[in-house]
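Under my numbering, think of the first position of the sequence shown as 697, with each following residue one higher. Note that beta-carbon positions come from the ideal geometry of N, C-alpha and C, so glycine has one too. Only a predicted model underlies this, so the values are computations on that prediction, with no experimental measurement involved. Have a look at the structure below before the remarks.
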Amino acid sequence: MSTNFLKAGSSTGLTQFTGISRVEKASATNDIAVFTASEFTNTGGKLYFKNTSTTAANTYILMEVGTNVIIGRLYPGDWMLIPVDGTEDIKASTSEAGMSYEFGIFHEG
């Protein structure tokens with residue numbers, strides 16, 4: 697299966713990518729900025745995020761959009777791919793020490 701990520705309101709493909717960043721947190725951390733809307737104002741894009749932790753199965757990364765609107769929990773090995781439009785920040789919070797994650801943003805520029 698394959699797909700093309702398109703620019704907002706267009707049939708032209710996205711051409712920019714931040715690359716995959718991997719982060720490890722030594723302690724439980726709240727409100728980690730993953731996607732800052734002001735950096736990608738009113739553009740089409742996609743956010744890839746994966747909980748790469750090998751911590752206990754009941755640990756998780758809480759994903760939020762905007763002002764603390766919870767969109768879900770990612771347990772070790774879980775990942776998500778969501779559209780972003782540059783109007784809301786996306787944050788993550790780790791539930792325990794020693795957790796890790798990776799993310800990347802496909803965007804218009």
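Classification of residue i by the beta-carbon crowding that lies within 10 angstroms, buried from 16 upward
i    : result
N747 : buried
S730 : Note that residue 730 corresponds to Val in the displayed sequence, not to Ser. Counting Cβ neighbours within 10 Å, V730 comes out buried, since at least 16 surround it.
I766 : exposed
L777 : exposed
P779 : exposed
E760 : buried
A752 : exposed
A722 : exposed
Spatially closest choice to residue i from the options, by CA coordinates
i    : options                   : result
G768 : D781, G782, E792 and I786 : I786
A724 : F799, I801, G794 and H803 : G794
S791 : N754, G715 and E798       : N754
G762 : G782, T751 and E804       : G782
G740 : D727, Q712 and A752       : Q712
N726 : T732, E804 and I757       : I757
Counterpart residues of residue i in DSSP-defined beta bridges
i    : result
Y744 : L777 and G800
M795 : K721
S789 : L758
Cα-Cα separation, residue i to residue j
i    : j    : result
L770 : T708 : 31 Å
T750 : P772 : 6 Å
K742 : I801 : 6 Å
L710 : W775 : 21 Å
CB contact flag (residue i, residue j, <8 Å)
i    : j    : result
S717 : E798 : yes
E784 : A704 : no
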